[in-house]
Amino acid sequence: MAATVQQEVAGLRAFSIRPVTADLVGQAFPVVQAAAPDVTLEQWRAFATNPPGENGMGLVGVFNEQDYIVGLFAYRREPHLQHGRILRICHLAAVDLVDSEPVLQALLQAIEDQAKAQDCSAILMATPASYLKVAAHWMHPLFAARGYLLDSTQIRKMPPS
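Pasting the structure below:
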């Protein structure tokens, strides 16, 4: 997913999806802080500037109409005993002052596109403990509508059988 992908969500918002490169790491920090307030700028820079490469790691951002980062995820492609090659989502953040739901929808589509581009048969992401406490939260139906399953430790999407 090296190129920019334009995405329109629900006909109302237009987002661009592209890698978060070294020159965008600082711009992405407020989004990271919203999701993980205890992460310092130094920690974020060290994590985000670790070059992707053969390890199958990368950062992808969702940019709004004004070209500000409003969502991002970190991914790692890895082998899995049961599912073959998987895309593991290490961090996921969607922030928008007006409505985060379209941002999350754009993120989920970008994750699925990345999994397909990386030839992954499943998507796995950690489930924050706080998420499990609010199962009726607006995020859950968005994940479920796209075929994701929530269990006690992760959110997963498997290929249709």
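One gets the working numbering by counting positions in the sequence shown from 1 and adding 6 to each. A virtual CB, placed ideally from N, CA and C, is assigned to each residue, including glycine.
Any idea which residues DSSP pairs residue i with across the strands?
i: Pro25; result: Val66
i: Phe149; result: Bridge partners of Phe149: none, in fact.
i: Ile75; result: Phe69
i: Leu130; result: Arg94, Arg162
i: Glu84; result: Ile92
i: Leu114; result: Answer is none; Leu114 lacks a bridge partner.
i: Ala41; result: Ala41 pairs with nothing; no bridge assigned.
i: Ala99; result: Leu78
i: Leu155; result: Arg162
Assuming contact is defined by CB atoms lying nearer than 8 Å, are residue i and residue j in contact in what I supplied?
i: His97; j: Ser127; result: no
i: Arg94; j: Gly67; result: no
i: Leu114; j: Arg152; result: yes
i: Leu65; j: Ala52; result: no
i: Ala116; j: Val37; result: no
From residue i to residue j, what distance separates their C-alpha atoms?
i: Ala132; j: Gln33; result: 24 Å
i: Val140; j: Ala112; result: With a pLDDT of 45 at Val140, under the threshold of 50, the modelled position of this residue cannot be trusted, and the question is left open.
i: Ala103; j: Met63; result: Sequence check: residue 103 is Leu here, not Ala. Rounded to whole angstroms, Leu103 to Met63 spans 29 Å at the Cα level.
i: Ala41; j: Phe35; result: 10 Å
i: Ser106; j: Leu87; result: 35 Å
i: Leu155; j: Ser22; result: 26 Å
i: Ala28; j: Trp50; result: 11 Å
i: Leu110; j: Leu18; result: 14 Å
i: Leu130; j: Gln124; result: 14 Å
i: Glu84; j: Arg91; result: 6 Å
i: Asn56; j: Ala20; result: 29 Å
i: Pro147; j: Met164; result: 17 Å
i: Tyr74; j: Val101; result: 11 Å
i: Phe149; j: Phe69; result: 20 Å
i: Val45; j: Val31; result: 14 Å
i: Leu138; j: Leu47; result: Legend: pLDDT at Leu138 = 47, less than 50; position of this residue unreliable, value from coordinates given subsequently. Rounded to whole angstroms, Leu138 to Leu47 spans 28 Å at the Cα level.
i: Glu71; j: Pro43; result: 25 Å
At a threshold of 7 Å, does residue i count as lining the ligand SAM (C-beta to nearest heavy atom)?
i: Tyr74; result: The ligand SAM is not among the ligands present in this structure, which contains no ligands whatsoever.
Pairing CB atoms from the region 75 to 86 with CB atoms from the region 110 to 128, are three or more of them under 8 Å?
-> yes
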